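Have a look at the structure below, then the notes.
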Amino acid sequence: MLPWKHAGRALSVLLLTAAATLVPTVASAAPERAETVAVAAGRGWNDFSCKPSAAHPRPVVLVHGTFGNSVDNWLGLAPYLVNRGYCVFSLDYGQLPGVPLFHGLGPIAASAGQLDAYVDRVLAATGAPEADLVGHSQGGMMPRWYLKFLGGAEKVNALVGIAPDNHGTTLLGLTRLLPYFPGAEDLIGSSTPGLADQIAGSPFITRLNEGGDTVPGVRYHVIATQYDEVVTPYRSQFLSGPNVTNVLIQDKCALDLSEHVAIGTVDRVAFHEVANALDPAHATPTTCLSVVG
Numbered sequence: 038m039l040p041w042k043h044a045g046r047a048l049s050v051l052l053l054t055a056a057a058t059l060v061p062t063v064a065s066a067a068p069e070r071a072e073t074v075a076v077a078a079g080r081g082w083n084d085f086s087c088k089p090s091a092a093h094p095r096p097v098v099l100v101h102g103t104f105g106n107s108v109d110n111w112l113g114l115a116p117y118l119v120n121r122g123y124c125v126f127s128l129d130y131g132q133l134p135g136v137p138l139f140h141g142l143g144p145i146a147a148s149a150g151q152l153d154a155y156v157d158r159v160l161a162a163t164g165a166p167e168a169d170l171v172g173h174s175q176g177g178m179m180p181r182w183y184l185k186f187l188g189g190a191e192k193v194n195a196l197v198g199i200a201p202d203n204h205g206t207t208l209l210g211l212t213r214l215l216p217y218f219p220g221a222e223d224l225i226g227s228s229t230p231g232l233a234d235q236i237a238g239s240p241f242i243t244r245l246n247e248g249g250d251t252v253p254g255v256r257y258h259v260i261a262t263q264y265d266e267v268v269t270p271y272r273s274q275f276l277s278g279p280n281v282t283n284v285l286i287q288d289k290c291a292l293d294l295s296e297h298v299a300i301g302t303v304d305r306v307a308f309h310e311v312a313n314a315l316d317p318a319h320a321t322p323t324t325c326l327s328v329v330g
């Protein structure tokens with residue numbers, strides 16, 4: 038049998054490996070990624086000269102998930118929204134020193150500060166008084182810290198969370214094993230604090246949800262899948278409070294088999310629901326046929 042400290046390290050590696058294999062893979066080398074950024078900007082994505090239209094008066098800020106980045110997480114949804122007339126922007130946050138491309142690993146409260154600065158930059162460039170936020174996984178939960186503790190509610194109209202870990206995650210029960218491996222949680226917290234913050238029952242999650250899930254003046258829209266294998270149990274993603282809409286994507290399309298990664302990166306049924314959430318006055322039914330919309 039492994040000594041406890043070795044077992045703790047083994048469990049930590051298992052948790053990190055499990056998380057890494059269940060998130061979008063990064064595109065490739067830096068030159069290719071730079072080319073992708075340039076093409077995206079040319080189409081209105083991360084184009085700071087974009088001015089919101091009367092039809093879509095608020096810029097949309099996309100917030101990637103854990104191990105994601107500002108490009109690879111949004112290769113599907115960003116063009117989808119740009120093609121519908123939105124000014125779309127995305128940021129990188131939660132970077133660790135010496136870890137390129139894979140972000141969202143730093144302390145989540147600090148990441149919320151990065152979002153705060155980025156939203157200010159977008160609003161200054163576009164001239165809009167408010168933005169809408171769309172986030173995947175951690176990116177759907179982290180903005181709630183910004184809204185609740187950093188004054189973001191004054192600058193944000195709506196937060197759309199796709200598979201957000203609003204109340205933390207058990208990662209299919211793996212996190213419940215941590216107490217049996219002394220030192221494992223400390224190792225995760227010291228090396229990747231952004232992961233430790235997302236464990237159900239963590240100090241971060243506890244404080245985030247104290248006093249209620251929402252703040253006044255912001256609309257919240259959660260899109261979840263029953264096949265989520267990362268944020269578990271999947272119903273923990275849902276929020277309680279006024280101005281909240283919780284959607285299980287299988288209630289819109291029973292044939293939708295998307296899990297945690299797919300619902301945020303390639304699922305056009307979910308994309309349609311995002312568009313509805315951004316413009317509820319012109320929403321159309323989200324169904325299995327939304328993939329052709």
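Anchor point for the sequence shown: position 248 equals 285 in the working numbering, and the numbering is continuous, going up by one each time. Ideal placement from N, C-alpha and C gives every residue a C-beta, glycine not left out. A quick note: this is a predicted structure, and the numbers were derived from the prediction, not measured.
Query: Rounded to whole angstroms, how far is the Cβ of residue 271 from the Cβ of residue 263, which I believe are closer than 8 Å?; Result: 6 Å
Query: Tell me, to the nearest whole angstrom, how far the beta carbon of residue 141 is from that of residue 175; I am working on the premise that it is less than 8 Å.; Result: 5 Å
Query: Identify the residues that DSSP records as bridge partners of residue 100: which are they?; Result: 128, 172
Query: Do the CB positions of residue 127 and residue 83 come within less than 8 Å of each other?; Result: yes
Query: Secondary structure at residue 162, three-state DSSP: helix, strand or coil?; Result: helix
Query: Would DSSP call residue 115 helix, strand or coil?; Result: helix
Query: How long is the line joining the alpha carbons of residue 325 and residue 118, rounded to whole angstroms?; Result: 19 Å
Query: Okay, do the stretch 133–140 and the stretch 103–110 touch, 3+ Cβ pairs below 8 Å being the bar?; Result: yes
Query: Looking at the secondary structure, which residues open and close the beta strand (DSSP E) in which residue 242 lies?; Result: From DSSP, residue 242 is part of no beta strand (DSSP E) but of the alpha helix (DSSP H) over 240–246.
Query: With a cut-off of 8 Å on the beta carbons, I'd call residue 177 and residue 147 a contact; round off their distance for me.; Result: Not confirmed; about 18 Å, so no contact.
Query: What's the C-alpha gap between residue 89 and residue 185?; Result: 26 Å
Query: In angstroms, rounded to a whole number, what distance separates the CA positions of residue 235 and residue 301?; Result: 18 Å
Query: Whole angstroms is fine: what's the gap from residue 182's alpha carbon to residue 143's?; Result: 14 Å
Query: One question on the structure: do residue 131 and residue 156 come within less than 8 Å of each other, judged by their Cβ atoms?; Result: no
Query: Would you give the residue range spanned by the alpha helix (DSSP H) that residue 309 belongs to?; Result: 305–315
Query: Using the C-alpha atoms, what's the distance from residue 164 back to residue 95?; Result: 9 Å
Query: Given this structure, state the Cα-to-Cα distance separating residue 114 from residue 238, to the nearest angstrom.; Result: 31 Å
Query: Going by the beta-carbon positions, is the gap between residue 252 and residue 170 smaller than 8 Å?; Result: no
Query: With a threshold of 16 other CB atoms inside 10 Å of the CB of residue 328, please say whether the residue is buried or exposed.; Result: exposed
Query: Since residue 310 contacts residue 321 with CB under 8 Å, what's their CB separation in whole angstroms?; Result: Actually they are not in contact, since the Cβ atoms of residue 310 and residue 321 sit about 10 Å apart, beyond 8 Å.
Query: In the DSSP output, what is residue 258 paired with across the bridge?; Result: 197, 282
Query: Return the CA-CA distance between residue 202 and residue 87, expressed in angstroms with no decimal places.; Result: 31 Å
Query: Taking the alpha-carbon positions, what's the residue 149 to residue 244 distance?; Result: 14 Å
Query: First and last residue of the alpha helix (DSSP H) that includes residue 300?; Result: 297–302
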